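Undergrad: My questions will all concern the structure given below.
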Amino acid sequence: MEEAVIGGIYRHYKGNNYKLLAVATHSETLEKMAVYQALYGEMGIWVRPLAMFMETIEKDGQSLKRFELIENA
């Protein structure tokens, strides 16, 4: 898996941009979690498993990164 860039700006495959704030550890499962902030609207802060944040998905027969790094920190 490619390395997450803390402070990097990522574009979600649906088009919105997010800033990766941190990589946290789930207190019960010890799973690594991506903590990221929307760069639009109310600028909400979200959490999802890091593996899911960094994964490649398939959409309409194409392989796409769920979140693609567009600007390094």
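The sequence shown begins at 0 in numbering that gives the first Met the number 0 and counts up by one. Each residue gets a CB set at the ideal place from its N, CA and C atoms; glycine is no exception. Quick caveat, the model's predicted, so the values are computed rather than measured.
For residue 70, which residues from the same chain have a beta carbon less than 6 Å from its beta carbon, with the 5 sequence-adjacent residues on both sides left out?
TA: On the sequence shown, position 71 is the one that residue 70 refers to. Counting only Cβ-Cβ distances below 6 Å, and skipping sequence neighbours, we find 8.
Undergrad: Applying the 10 Å Cβ sphere with the 16-neighbour rule, what's the burial state of residue 19?
TA: What you label residue 19 is simply residue 20 of the sequence shown in a count that begins at 1. When all chains shown are included, residue 19 counts as buried.
Undergrad: Return the residue from the list 41, 13, 48 that minimises the CA-CA distance to residue 25.
TA: Numbered from its first residue, the sequence shown carries residue 25 at position 26. Answer by Cα proximity: 48.
Undergrad: In this structure, what does DSSP give as the bridge partners for residue 63?
TA: In the sequence shown, the residue the question calls residue 63 occupies position 64. According to DSSP, residue 63 bridges with 56.
Undergrad: Can you tell me whether residue 42 is helix, strand or coil according to DSSP?
TA: Residue numbering aside, residue 42 sits at position 43 when the sequence shown is read from its first letter. Correct three-state label for residue 42: coil.
Undergrad: Quick one, which of 53, 60, 62 has its alpha-carbon nearest residue 3's?
TA: Here residue 3 corresponds to residue number 4 of the sequence shown, with the count starting at 1. Ranking 53, 60, 62 by Cα distance to residue 3 puts 53 first.
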